[in-house]
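The opening residue of the sequence shown carries number 1306 in the numbering used here; numbering runs sequentially from there.
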Amino acid sequence: MMARLIFVASFAVLLMAQPVCAQAGSGEVASFTGQLSSATQVDRIVFDVNPDHFGLTTNGTVALVFVLSSAKDSLLDPGLIKVVAQKSGGVEVGGPRKPGTWGSDASIAIVTLNAGAYNVLVRSQHNTKGAYRLDVLLAGDANGDLKVDDTDLQIITKLKGVKAGDALYTQLADVDRNGVINGGDRERARANFGASAKTAQAANPLEEILPPGALALVGKSSNSFNSSVGPLQFSLTGASFDLNPTEVTLTINGAHVLADRLTIGDHLLTANVTLADGRNDVSLKAYDTVGRPLYFTGTLWAGTASLQIDLVNPDGSQFLQQAKVVAVLSDDHSISMQATTTIGS
């Protein structure tokens, strides 16, 4: 007997991190909040360096400071931040990263970016989970006015030697957050001279949620029995799949499907697998090109079996009139097969 797909949890497109408003003069170019629900989870936040929003240096770049901190009452210990360029196939953008800053568990990454779209990957460390906040600042913006100019260089020069805990200390002037304002901070500001950001934030594409049913299982029926052979396929409408197979996590009964078994097109993800006889718990996590995570979780019953059913009268003789017989899967009563007989079996 073959069996059909049961939805134990509906598929959905989830927003993992939400943009929040920054306070005037606080220096944040952008801020995002999110939740890491497991110690191994990695959140991906799309960050766009758009010339309409950013003023670039004469070199056509902007240096940004990404600061990951735990939210109030959160048990999260922030881990390393990774920034990758979308067009380069996930190659990491260089720059110093630290899993902790002076006097804080906040982690930091300082990167110099060209115009374009980037993925910011955030995670925890020390087997922790919880809510987080990711702040983005202009490197060297010592007074928090969202531009790096002579005033910022003068502030950092005047504060040279000031340490965390001193009355004049400000984190905005301590670009690398090492607890002391020094020549290295001034050099970072000088290299970012002329960079700026508008106070009005550009719309984050993660704010647009795909509708229910955008991700769908195809090639297998959800209301009839299915064969265990043939590929497992997922379609995506209203968006396009990220084509990097290493970004896809697909498990069947807890076993990971290797990336070389996956074929990804703009709107179709195919896994060249054979389902096991019986129960198959399927879990998929993928991304679209915007960076939105896509989830599917379901149970697929597969395999074949022959079941002999004999119909008898109360006296034990064969029941030879027309009868409809319905066989129900004992593991899930929503799975059934029916047949009609006039020969008693």
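By construction, the Cβ of each residue, glycine as well, lies at the ideal position given by its N, Cα and C atoms.
- Considering only Gly-1399, Ser-1429, Val-1367, the residue with the shortest C-alpha distance to Arg-1349 is Ser-1429.
- Taking one beta carbon from each stretch, the region 1360 to 1372 and the region 1444 to 1454 have 3 or more pairs nearer than 8 Å; the two touch.
- DSSP places Ile-1461 inside the alpha helix (DSSP H), whose first and last residues are 1455 to 1463.
- The alpha-carbon of Pro-1404 is positioned some 15 Å away from that of Val-1425.
- Where Gly-1488 is concerned, the enclosing alpha helix (DSSP H) starts and stops at 1488 to 1496.
- Its Cα nearest to that of Gln-1643, the residue Lys-1629 stands out among Val-1587, Asp-1636, Lys-1629.
- The C-beta distance from Leu-1380 to Thr-1345 rounds to 15 Å, too long to meet the 8 Å contact threshold.
- For the pair Thr-1604 and Asp-1582, the CB atoms are not nearer than the 8 Å cut-off.
- Here the alpha carbons of Trp-1606 and Asn-1558 stand approximately 11 Å from one another.
- Annotation for Phe-1624: Leu-1616, Val-1617, Asn-1618, Gly-1649 place their beta carbon closer than 8 Å to its own, counting only its chain and skipping 5 residues before and after.
- Annotation: the continuous beta strand (DSSP E) that includes Glu-1333 extends over 1333 to 1341.
- Nearest C-alpha to Thr-1456 among Leu-1520, Arg-1482, Arg-1491: Arg-1491.
- Secondary structure at Pro-1550: helix, using DSSP grouped into helix, strand and coil.
- The alpha-carbon of Ala-1376 is positioned some 37 Å away from that of Leu-1573.
- The C-alpha of Lys-1590 is placed about 11 Å away from the C-alpha of Thr-1551.
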